[in-house]
Amino acid sequence: MIPRLHLTILLHPQESRIGDRVALPEGPSEISRRTPDFHKPTQVLGKPLGLPCISRKPFFLIPRAREGVLVKRDEHGTKLRVNGVSLKQELFVDMTALSRGVVITLAEHLVLLLHFSDLGAVPRDLPDFGLVGFADEVVRIRHEIQQVADLDVPVLIRGETGVGKELVAQAIHQHGHRSRRPFITVNLGALPSTLAAAELFGAKRGSFTGATQDRSGYFVAADSGVLFLDEIGEAPEEVQAMLLRALETLEVTPLGGQRPVSVDVRVLAATDADLERDIQQQRFKAPLLHRLSGFELLIPPLRERPEDLGLLFTHFSRGVERELGIVPARDSKDPFALPRLPVALMERFVANRWSGNIRQFRNLVRRLHISNRGREVLEETPQISRLLDAEINALPLAAPPSVDVAAKGAKDAAAPKRKPRSIEENELLRAMEDASWEPKVAAEILGISRASVYDLIRRGGTLRVANDFSEEELRAAHQRCNGNAAEMSRQLKVSVVALTRRLRGMGLE
Numbered sequence: 001m002i003p004r005l006h007l008t009i010l011l012h013p014q015e016s017r018i019g020d021r022v023a024l025p026e027g028p029s030e031i032s033r034r035t036p037d038f039h040k041p042t043q044v045l046g047k048p049l050g051l052p053c054i055s056r057k058p059f060f061l062i063p064r065a066r067e068g069v070l071v072k073r074d075e076h077g078t079k080l081r082v083n084g085v086s087l088k089q090e091l092f093v094d095m096t097a098l099s100r101g102v103v104i105t106l107a108e109h110l111v112l113l114l115h116f117s118d119l120g121a122v123p124r125d126l127p128d129f130g131l132v133g134f135a136d137e138v139v140r141i142r143h144e145i146q147q148v149a150d151l152d153v154p155v156l157i158r159g160e161t162g163v164g165k166e167l168v169a170q171a172i173h174q175h176g177h178r179s180r181r182p183f184i185t186v187n188l189g190a191l192p193s194t195l196a197a198a199e200l201f202g203a204k205r206g207s208f209t210g211a212t213q214d215r216s217g218y219f220v221a222a223d224s225g226v227l228f229l230d231e232i233g234e235a236p237e238e239v240q241a242m243l244l245r246a247l248e249t250l251e252v253t254p255l256g257g258q259r260p261v262s263v264d265v266r267v268l269a270a271t272d273a274d275l276e277r278d279i280q281q282q283r284f285k286a287p288l289l290h291r292l293s294g295f296e297l298l299i300p301p302l303r304e305r306p307e308d309l310g311l312l313f314t315h316f317s318r319g320v321e322r323e324l325g326i327v328p329a330r331d332s333k334d335p336f337a338l339p340r341l342p343v344a345l346m347e348r349f350v351a352n353r354w355s356g357n358i359r360q361f362r363n364l365v366r367r368l369h370i371s372n373r374g375r376e377v378l379e380e381t382p383q384i385s386r387l388l389d390a391e392i393n394a395l396p397l398a399a400p401p402s403v404d405v406a407a408k409g410a411k412d413a414a415a416p417k418r419k420p421r422s423i424e425e426n427e428l429l430r431a432m433e434d435a436s437w438e439p440k441v442a443a444e445i446l447g448i449s450r451a452s453v454y455d456l457i458r459r460g461g462t463l464r465v466a467n468d469f470s471e472e473e474l475r476a477a478h479q480r481c482n483g484n485a486a487e488m489s490r491q492l493k494v495s496v497v498a499l500t501r502r503l504r505g506m507g508l509e
């Protein structure tokens with residue numbers, strides 16, 4: 001299915017509306033209090049935004065083929081912010097920004113996310129398996145869990161730390177035919193290498209110093225059930241060989257023992273490591289990877305599913321409220337009520353890298369509620385600000401700041417084309433700085449073509465384009481700026497889009 005643009009409600013005064021979405025047509029869309037209808041991903045019928053603070057005068061989303069979307073509002077319509085920038089008249093959002101998701105804030109009451117999705121209607125009978133959200137990749141994982149849960153094949157669950165790999169393993173167990181049998185979890189990263197074999201396969205009394213009695217080991221404990229090997233990439237080399245043999249023969253031999261013990265175990269494994277690279281560096285055995293990956297599940301990082309942030313926030317908030325004994329908030333009947341979470345915080349949530357993924361987000365939601373006990377509105381405390389600032393500062397921009405045509409003034413927008421030779425280098429420099437070093441935007445400011453801007457850059461001696469920098473210069477700047485493409489753009493005075501393209505080609509992005 002070809003991805004289509006969607007709008008998803010991230011924040012709404014009525015919590016029950018969070019997560020509602022609408023697929024946009026290929027042509028222009030108008031968004032107002034009365035249109036379009038937003039619905040649950042599992043439903044067909046929905047209803048409009050409906051808030052009286054949202055104007056009946058629509059704002060428009062106008063696609064430009066393979067380029068992006070023009071966001072345009074009436075000067076008397078709803079006040080908008082697009083990715084945190086107040087919109088006066090119109091603003092162009094390019095494909096790079098759309099691919100990441102663009103935040104549209106309406107009248108300080110509502111937050112929408114404009115994003116691509118190839119998701120059609122989600123079957124109502126598809127279990128959620130404990131996974132919150134309806135991002136494309138989350139729905140895909142649900143389908144894959146449904147396909148593999150009732151089988152006995154080994155499953156390798158891959159994804160960054162904190163994405164919820166153990167939750168997926170539990171879902172596979174709970175929906176399989178071994179659901180009433182043991183589910184044993186072993187974190188191989190936490191096992192001392194000297195004891196890992198004994199813990200996994202068992203040991204006879206006296207087989208090593210400290211073995212004062214027989215122990216059965218995790219494989220035997222999981223007999224007839226499921227053994228979940230977390231952090232499989234941390235398994236010591238000698239244990240990898242023993243694991244491979246156990247998986248191939250369905251037998252384990254305790255340390256110090258002479259007779260193998262038969263086991264009937266389904267093995268699930270998880271890792272955030274690049275096992276293929278570890279194989280090349282001879283830190284992981286290729287046959288073990290092949291044996292473990294009878295089926296693979298790839299769990300996406302949180303930053304790749306921003307459309308789920310509203311649902312996740314609501315889900316974790318309810319858990320914290322139960323934990324703290326707080327009476328949960330209900331959908332307000334006041335049509336002018338503000339959402340409990342300030343819209344600016346949701347904007348920051350979307351901008352965050354979330355290097356710790358779901359685990360980090362859940363912990364932040366808990367801190368936010370604890371810091372605001374007794375308050376009706378969840379205010380951003382200094383502690384929360386520090387946590388968010390640390391992540392946002394490390395986040396390269398997915399697209400340059402879009403330019404609000406009206407903000408530049410009608411005189412600039414309607415300025416006649418100039419002769420490039422009339423523009424001196426200091427004027428070019430000022431225009432490029434005002435345009436955040438984007439030649440296309442600088443061309444609009446100067447009233448010349450983009451090609452003329454590139455010609456002026458090449459003729460002058462102050463500015464360069466991204467392709468003019470050597471790899472050594474870019475690597476040094478990348479290290480100096482801690483990988484922050486936006487900061488690199490400011491220091492090098494070059495387009496962040498072109499810079500990101502160069503970094504990606506160098507394997508740095």
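Just so we're aligned, residue 1 is where the sequence shown starts under the UniProt record's numbering, counting upward by one. Glycine is no exception: its CB is placed at the ideal position from the N, C-alpha and C atoms.
Note: Lys-72 is bridge-paired with Phe-60 and Glu-90 in the DSSP secondary-structure output. Between Pro-254 and Ala-221, the gap from beta carbon to beta carbon reaches 8 Å or more. Comparing alpha carbon positions, the residue from Glu-438, Glu-137 and Arg-205 closest to Glu-307 is Glu-137. Residue environment: Glu-231 is assigned as buried (16 or more neighbouring CB atoms within 10 Å of its CB, all protein chains considered). By the criterion of a C-beta distance shorter than 7 Å, Thr-78 is surrounded in its chain by Ile-54, Ser-55, Phe-59, Leu-106 and Ala-107, once the five residues flanking it on both sides are discounted. Counting the other CB atoms within 10 Å of its CB gives Asp-94 a total of 16 or more, which places it among the buried residues. Counting along the chain, Asp-278 sits inside the alpha helix (DSSP H) bounded by residues 275-280. Under the DSSP assignment, Asp-230 falls outside any alpha helix (DSSP H), being part of the beta strand (DSSP E) whose first and last residues are 226-230. Using a 10 angstroms sphere on the CB of Glu-391, the tally of other CB atoms reaches 16 or more, which defines it as buried. Rounded to whole angstroms, Leu-428 and Phe-38 show a C-alpha spacing of 46 Å. Looking only at Leu-463, Trp-437 and Ser-224, the smallest Cα-Cα distance to Glu-425 is reached by Leu-463. Sequence-distant partners of Ser-355 (beyond 5 residues in either direction) whose C-beta falls short of 7 Å from its own C-beta, in its chain, are Glu-391. Apart from the 5 residues on each side of it in sequence, Thr-161 sits with its Cβ closer than 6 Å to the Cβ of Asp-272 in its chain, given in chain order.
Here the alpha carbons of Ala-477 and Ala-135 stand approximately 35 Å from one another.
Gly-202 is the residue among Leu-114, Gly-202, Leu-292 and Ser-470 whose C-alpha sits nearest the C-alpha of Ser-262. DSSP lists Leu-5 as the bridge partner or partners of Phe-116. In the DSSP assignment, Thr-185 falls within the unbroken beta strand (DSSP E) covering 183-187. Taking the Cβ atoms as the reference, Leu-275 lies roughly 33 Å from Phe-313, outside the contact range of under 8 Å. Of the candidates Thr-500, Glu-237, Gly-319 and Arg-291, the residue whose Cα lies closest to the Cα of Gln-282 is Glu-237. Here DSSP, grouped into helix, strand and coil, assigns Phe-469 to coil. Per DSSP, Leu-98 is one residue of the alpha helix (DSSP H) stretching across 95-100. In this structure, the alpha-carbon of Gly-19 lies about 24 Å from that of Leu-87. The Cβ neighbour count for Ser-29, taken over all protein chains shown within 10 Å, is at least 16; the residue is labelled buried. Within the model, the alpha-carbon separation for Glu-15 versus Leu-131 is close to 18 Å.
Judged by DSSP in its simplified three-state form, Phe-295 adopts strand. Taking a 10 Å sphere around the C-beta of Phe-361, we find 16 or more other C-beta atoms and assign the residue as buried. Between the C-alpha atoms of Ile-31 and Val-103 there is a straight-line separation of about 14 Å. The secondary-structure analysis by DSSP pairs Ile-157 across a beta bridge with Ala-270 and Leu-297. With a threshold of 16 other beta carbon atoms within 10 Å, Ile-445 meets it and is buried. The alpha-carbon separation between Ala-431 and Ala-442 amounts to approximately 5 Å. A direct Cα-to-Cα measurement between Lys-493 and Val-186 gives close to 50 Å.
Cα atoms of Gly-176 and Gln-170: separation of roughly 10 Å, rounded to the nearest angstrom. Ranked by Cα distance from Ser-179, the first of Arg-259, Leu-195 and Arg-266 is Arg-266.
Non-local C-beta neighbours of Gly-294 in its own chain, meaning closer than 7 Å and more than five positions away in sequence, comprise Val-153, Pro-154 and Val-155, ordered along the chain. Residue nearest to Arg-158 within the set Asp-278, Leu-388, Arg-66 and Ala-269 is Ala-269 (criterion: CA-CA distance). Under DSSP, Leu-11 shares a beta bridge with Val-111.
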